[in-house]
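Trainee: After the structure tokens below, expect a handful of questions from me.
Chains as they are written, first to last, in our numbering: chain A, 1 to 340; chain B, 1001 to 1340; chain C, 2001 to 2340.
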């Protein structure tokens, strides 16, 4: 099962993670849970105020929370500046990640001139292409295809069924989830005498240290130069990153966002789910874009941007939508009335 | 070929599915088709009024339709309360699904402590991980990866190249199309001293009986508790379901919809293509959301909701869009004029 | 590496591709690059006016550009009517595509009655199902699953981990990127007594010559008749094409676009990223739809259409959005004021 019988006292946890202990330090913790779901020997957490109402009735043996909520806590607690960060660190103690088992599965097909470190693990039905390298401590799970001229840095994990098509270089501790495809041809076309011709995609993909790439996300390789994710970029599932995009360090993007070719996104940006960014523009550092918004011009000021329109009942929506189609005319009419 | 030489008379079909027969019951049916495409020995159907104009010229040997259309039908017909349901049931008689061939392909890699029922079928290049179970009558097609602690219920079908990452429990008769990824890490991050740290994803995924999951759809496992689809939920292709989402029984979602973490969707909902639902909210039973709408607050009343904006010619659109950016100012001006 | 030591003089290139040479024809070109990135022995290109400012400082040995820019070029140049097309053709000289290696990898699983031409290449861990055919010069890369009754035309390329589920026929020179799924069940459901029943999907998929299909794109097979892409259709990554859709020749669609069942899209259309097209409608030839727009009715006139709304700062957006919900009421008020 997921949570083996590991055991820590509350005072151990307080000391280890620099948290303030309130209540019995001898309280034994053997797992974690939500405020509503945690039971005996489990540590609950309160990070989102939305769940504050569940604190009084919690059956958790202890709770990690912020100073503001500590007085209301009916059980022993750990007070943290950021309860979510503290919870993440404590929960990791109870996570059962499969241990590294170095070696190459006998079914794997490794090119003669590929270099797989003896300390790396290669799963069944995985293919490693010519001139590609896998560093020590890296795991390439089952069913992966690593093409030519790729490299996988130390401690990186390709969970399963990941494809690196060609010229993809991963830094250290990169984590890629199943179905992701990195290094496929960018979408480069030119219309010539009524037919498309394909523009060769000669670049690669460079992924910085500590990046995480979600399930079924796609990152195309560059047309000439590389597509780049700087360090600690976090991409959720089903994100599309076009050729020659550059994403700055520590930026996170939620599911189904898409970035068109040659766009540049800054550092510490938060891109919401389903957001679209068109090509050849720049978004500066520390920009937040809310869900399902469309960015068509460069953004030069940090801050939060939106264009996602929330639902109404369909009848009202249709009436308002019909007026939207007359909006310019309506505005002119207001202008005229104003002059009268 | 898809339609083998199976043969039924119209009166057999009428009796078997409780339909009213009009015309020659001895009419032989050996396949199905559209009104416009069906020919001799084929049964056409009229379910969508959009195609009514094609009835008069149909070359089908017979048609299944509703009572209202029966008089206009130039050939023998079967009258059904729901012609689409009747058609679905009749068409299934002519479907050639590959027969179950129990057994494990010699290339498959099965963990020593996995339990595969002798009545299950495991395809080539498929991996079954530690402590996972596959029930009788289940088919795990070629190229699938089933991780640790998963279970696949009786009669379920993983068509090909499906991944169940870890702690994914499928009910009976679940059908999953290629490229789908269930049980990948949820997107849980906390910012700590300028870097992201990963929040462990300790939960699993529970899929109820009779669910169907489309190609390249992703369903993350829960952070602490499980991500849940109740029975008979139907998901189209390329849908993204975040961690700890719960989707009620009999709800259907069209392609490319996305539901963010911890959202709860009720029973008998219809979620249109490309719809986005943000996290930590609730949608009650029997809610329809039309294509490309965005739900950012809980919906507590059944009914239809929209925010997808249909296209105009780009020139009008740009003019109206520019006015939208002044809308609050325009509204204030109207208010002022109204007071004059 | 990507760019082997191939070498051409500028006059060779001018003659081969019918371009006007200005400057030293003996200039040696061994690779291509961007204006800003190209160095000695490399050819840069100027196709997008956005990059014109980089021309003066280019370190490229030569540049391909249009007549308008030739005078400003500090190095020898090739003048082209369409510099992008010329660049695409020249760049292809420097592309190192893996050579065809005919034969079937020993690990591949080929049905007894499948027909694989001796001039085709089948990669490791690939499955070819009953009655399927692979033509000469076709490459089915590693980890692909080709189901029953499929055919792959001459010179086609399935890069890796592509699935053709059943009844998928590819023309010649079709190129499909990893993770794409063609021929999965269309999303056909009918509600019967409170439960969904599945509508059999008896059709197939037909892909014309010279089509390209992006990574993780999905194209469902038809319910009765086929889903069809005519020749030279170009689909980017993560596109969803529903059952019985028809897409006309030479149409290109950008990433994450989606087309619902039975929609028909004309020839020479350009469909932007994230665009949604609802079902059972028609778009005529030579229609452009800009990013993240929603098409809910047929389009009968060529031209450009939009409904994607660009971002504002969130505060302004929320104010304007609130007014949008009152838009019909505001419009009525304007009407009343106008009458006064």
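Where is the CB? At the ideal position from N, CA and C, for every residue including glycine. Quick caveat: nothing in here was measured; it's all calculated off a predicted structure.
Is residue 21 of chain A close to chain B? Criterion is C-beta to C-beta, closer than 9 Å.
Mentor: By this cut-off, residue 21 of chain A is not an interface position.
Trainee: Going by other Cβ atoms of all chains shown within 10 Å of its Cβ, with 16 needed for buried, is residue 1294 of chain B buried or exposed?
Mentor: buried
Trainee: Three Cβ pairs or more, each shorter than 8 Å: is that satisfied between the stretch 323–338 of chain A and the stretch 1048–1062 of chain B?
Mentor: no
Trainee: Looking at the structure shown, is residue 2044 of chain C part of a helix, part of a strand, or coil, going by DSSP?
Mentor: strand
Trainee: Who are the Cβ neighbours of residue 345 of chain A in its own chain at under 6 Å, not counting the five residues just before and after it?
Mentor: Lying outside 1 to 340, the shown extent of chain A, residue 345 of chain A is not represented and no answer is given.
Trainee: According to DSSP, is residue 1015 of chain B helix, strand or coil?
Mentor: helix
Trainee: Pick out whichever of A:274, A:272, A:267, A:273 has its Cα sitting closest to the Cα of residue 283 of chain A.
Mentor: A:267
Trainee: With distance defined between alpha-carbon atoms, name the residue in C:2078, C:2168, C:2328 nearest to residue 2147 of chain C.
Mentor: C:2168
Trainee: Of all the options A:124, A:106, A:126, A:132, which has the alpha carbon lying nearest to the alpha carbon of residue 117 of chain A?
Mentor: A:132
Trainee: Assign residue 1061 of chain B to one of two classes, buried (16 or more other C-beta atoms within 10 Å of its C-beta) or exposed (fewer than that).
Mentor: That one is buried.
Trainee: Taking residue 89 of chain A as part of the alpha helix (DSSP H), name the residues at either end of that continuous run.
Mentor: 83–92
Trainee: Threshold first: 4 residues or longer. Then list the alpha helix (DSSP H) segments lying entirely within the stretch 137–208 of chain A, N to C.
Mentor: none
Trainee: I believe residue 231 of chain A touches residue 211 of chain A by the beta-carbon criterion, under 8 Å. Please report the beta-carbon distance rounded to the nearest angstrom.
Mentor: Right, the Cβ-Cβ distance comes to about 7 Å (below 8 Å), so this counts as a contact.
Trainee: For chain A, find out if any of its Cβ atoms is closer than 9 Å to the Cβ of residue 1324 of chain B; answer yes or no.
Mentor: By this cut-off, residue 1324 of chain B is an interface position.
Trainee: Determine the burial state of residue 2298 of chain C: buried for a count of at least 16 other Cβ atoms within 10 Å of its Cβ, exposed for fewer.
Mentor: exposed
Trainee: Could you spell out the range, first to last residue, of the beta strand (DSSP E) harbouring residue 1303 of chain B?
Mentor: 1303–1306
Trainee: Taking only the alpha-carbon atoms, compute the straight-line gap between residue 1178 of chain B and residue 75 of chain A and give it to the nearest angstrom.
Mentor: 47 Å
Trainee: Just reading off the alpha helix (DSSP H) that residue 1220 of chain B is part of, what are its end residues?
Mentor: From DSSP, residue 1220 of chain B is part of no alpha helix (DSSP H) but of the beta strand (DSSP E) over 1218–1220.
Trainee: Could you give the DSSP three-state label for residue 267 of chain A: helix, strand or coil?
Mentor: coil
Trainee: Below 8 Å on C-beta distance, what does residue 179 of chain A contact in chain B?
Mentor: 1163, 1179, 1181, 1216, 1218
Trainee: Relative to the C-alpha of residue 2098 of chain C, which residue among A:140, A:166, A:190 is closest?
Mentor: A:166
Trainee: Name the DSSP beta bridge partners of residue 212 of chain A, please?
Mentor: A:175, A:234
Trainee: Taking DSSP's pairing of strands, which residues face residue 309 of chain A in a bridge?
Mentor: DSSP lists no partner for residue 309 of chain A.
Trainee: At the level of alpha carbons, what is the spacing between residue 2096 of chain C and residue 151 of chain A?
Mentor: 18 Å
Trainee: For residue 2273 of chain C, which residues of its own chain have a beta-carbon under 6 Å away from its beta-carbon, when the five flanking residues on both sides are left out?
Mentor: 2254, 2255, 2256, 2291
Trainee: Would you mind telling me which residues of chain B sit closer than 9 Å to residue 2155 of chain C, beta carbon to beta carbon, in chain order?
Mentor: Per Cβ cutoff of 9 Å: no residues; residue 2155 of chain C is ~24 Å from chain B at best.
Trainee: Compute the distance between the beta-carbons of residue 2310 of chain C and residue 1321 of chain B, then report whether it is under 9 Å.
Mentor: A distance below 9 Å separates the beta carbons of residue 2310 of chain C and residue 1321 of chain B.
Trainee: Within the 9 Å Cβ cut-off, does residue 2354 of chain C reach chain B?
Mentor: Absent from the model: residue 2354 of chain C. The displayed extent of chain C is 2001 to 2340, so no value can be given.
Trainee: Hey, is residue 207 of chain A's beta-carbon within less than 9 Å of any beta-carbon in chain C?
Mentor: no
Trainee: Less than 9 Å separating the beta-carbons of residue 2090 of chain C and residue 2108 of chain C?
Mentor: Cβ distance not < 9 Å, so residue 2090 of chain C and residue 2108 of chain C don't count as in contact.
Trainee: According to DSSP, is residue 10 of chain A part of a helix, a strand, or is it coil?
Mentor: helix
Trainee: Which residues mark the beginning and the end of the beta strand (DSSP E) in which residue 1337 of chain B is found?
Mentor: It is not in any beta strand (DSSP E) - residue 1337 of chain B instead sits in the alpha helix (DSSP H) that spans 1327–1339.
Trainee: Any heavy atom of the ligand COA closer than 8 Å to the Cβ of residue 2077 of chain C?
Mentor: In the structure shown, the ligand COA is absent, as is every other ligand, since no ligand is present at all.
Trainee: Could you tell me the alpha carbon to alpha carbon distance between residue 1052 of chain B and residue 2185 of chain C, rounded to whole angstroms?
Mentor: 26 Å
Trainee: Here's a check: name, in chain order, each residue in its chain whose Cβ is nearer than 6 Å to the Cβ of residue 1296 of chain B, leaving out the five neighbours to either side.
Mentor: Non-local C-beta neighbours of residue 1296 of chain B in its own chain, meaning closer than 6 Å and more than five positions away in sequence, comprise 1278, ordered along the chain.
Trainee: Short of 7 Å in beta carbon distance, which residues of its chain neighbour residue 2260 of chain C, apart from the five on each side in sequence? Order them along the chain.
Mentor: So the qualifying residues of the chain are 2242, 2277, 2278, 2279.
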